[in-house]
Amino acid sequence: MNVLVAGGAGYIGAHTVKALAEEGFEVCVLDNFSTGRRDFIRGHRIVPGDLMDKADVEAVFAGNTFGAVFHFASLIQVGESTRDPARYYVQNLVSSLNLIGAAVDFGVEHVIFSSSAAVYGVPHETPIAENHPIAPANPYGRTKAVVENILADYGRAYGLKSLSLRYFNAAGADPSGEMGESHDPETHLIPNILLSVLGRVPRLEVFGTDFPTPDGTAVRDYIHVTDLARAHVEGLKALMAGYPGGAVNLGTNRGYSVLEIIRKAESVTGSVIPYFAVPRRPGDVPVLLASRDKAESELGWIPRHSDIENILETAWNWHRKNV
Ligand code: UFG
561 MNVLVAGGAG
571 YIGAHTVKAL
581 AEEGFEVCVL
591 DNFSTGRRDF
601 IRGHRIVPGD
611 LMDKADVEAV
621 FAGNTFGAVF
631 HFASLIQVGE
641 STRDPARYYV
651 QNLVSSLNLI
661 GAAVDFGVEH
671 VIFSSSAAVY
681 GVPHETPIAE
691 NHPIAPANPY
701 GRTKAVVENI
711 LADYGRAYGL
721 KSLSLRYFNA
731 AGADPSGEMG
741 ESHDPETHLI
751 PNILLSVLGR
761 VPRLEVFGTD
771 FPTPDGTAVR
781 DYIHVTDLAR
791 AHVEGLKALM
801 AGYPGGAVNL
811 GTNRGYSVLE
821 IIRKAESVTG
831 SVIPYFAVPR
841 RPGDVPVLLA
851 SRDKAESELG
861 WIPRHSDIEN
871 ILETAWNWHR
881 KNV
């Protein structure tokens, strides 16, 4: 089956391209390379193009027959989304409307969308199950929630079958060392820790040491990108087998605090990692933990690569060779 992967040259997209190809899918990557990297998708079919350009998108669909569309392309910086919401709403919504609209117009049956735990906002209960209220705390999360609703409405009206995968904290790198996490600017914890070890960020800051958690730092649910990638393949197979779709969390249900991650990174890298405690980052919540019951019972998905040592070892393996 031929599948289109929009944003397939990015961090999670490229890992999924590899997983899809390993399962025998013919992959076509559509990316504008604003943040994606060609070296991550070497050997795969690439169509350079911008989802903001409706004609570009329709031309890709007109020249191919896709059995499914994966939608990874998105602006992802939470902080930036609060400073410049217009950019986030226009970019994330128009690109999604163009892509999903073309999927419907050209008769593609299945869409798999990169959503986020950011749709839940400040959790009322932990772990967070999919029926937790949707109340995003920033424009980034709101764009994800809107696209989830567009997909659900298009399903009811046009018969589109879709799956919105709500990622918790994606981390780690492909075991081959060929791909890893690289953003510019980098805002995520694990890459920043490793960049500080490599002397590439001047100082590692810990945002908030006064959270109501055992050590005062925020707790997150880190999920290995290889597990995320496999969930997309299993999600598509489930949709093809008649699964009605909807929204599913991808997390481990196990959390680590910022300080725990720093300690684990010290043992993986063999370095003492100095850090500076600074005030909380606006919008950060104390604890984010996924319930993964639905992913397991409905998609048969279980995280297999997400123990924290493996996440840090694979990330370090990539960072020290590539950054
Ligand atoms: N942190 C630091 N120092 C850093 C970077 C991060 O202390 O240099 C802290 C953050 O304050 C947070 C934790 O480390 O407490 C994790 O931060 P990340 O930026 O790695 O990840 P977030 O939990 O903030 O964000 C992730 C995804 C977002 C998503 C969000 C909510 O990257 O896309 O979860 O689901 F919106």
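Take the sequence shown: its letters are residues 561 to 883, numbered as in this note's numbering.
C-beta: ideal position from N, C-alpha, C; glycine also.
Buried/exposed call for residue i, threshold 16 Cβ in 10 Å
i    : result
D775 : exposed
G811 : buried
S676 : buried
E708 : buried
D770 : exposed
S656 : buried
H792 : buried
P772 : exposed
V766 : buried
T747 : exposed
G830 : exposed
Close beta carbons around residue i, own chain, < 8 Å, minus the five adjacent residues each side
i    : result
D734 : H575, K578, G740, V785, T786, T874 and W878
E794 : L859, G860 and W861
G843 : V638, G639, T642, A697 and N698
Residue-chain proximity (residue i, chain B), Cβ-Cβ < 9 Å
i    : result
G701 : The structure shown has no chain B; it contains just one protein chain.
For residue j and residue i, the rounded distance between their alpha carbons
i    : j    : result
V654 : D744 : 23 Å
R597 : P608 : 12 Å
N652 : A778 : 28 Å
P839 : G768 : 5 Å
L723 : E583 : 19 Å
V668 : E820 : 44 Å
D616 : A633 : 15 Å
Y835 : R763 : 7 Å
A622 : F666 : 8 Å
T595 : T703 : 19 Å
R716 : V664 : 12 Å
W876 : A807 : 32 Å
Own chain, CB closer than 6 Å to residue i, minus 5 neighbours either side, in chain order
i    : result
S641 : Y648, N698, P699 and Y700
V845 : V682
Y782 : N729, A731 and I871
A705 : V679, I694 and P696
Residues of its chain near residue i, where Cβ-Cβ distance is below 7 Å and the 5 sequence neighbours each way are ignored
i    : result
S851 : P687, I688, A689, N809 and N813
L799 : H670, K721, L723 and G805
Any beta strand (DSSP E) of 3 or more consecutive residues that is wholly inside the stretch 745–820: 765–767, 782–784 and 806–810
Ranges of the beta strand (DSSP E) found wholly within the stretch 612–689, counting only runs of at least 3: 628–631 and 670–676
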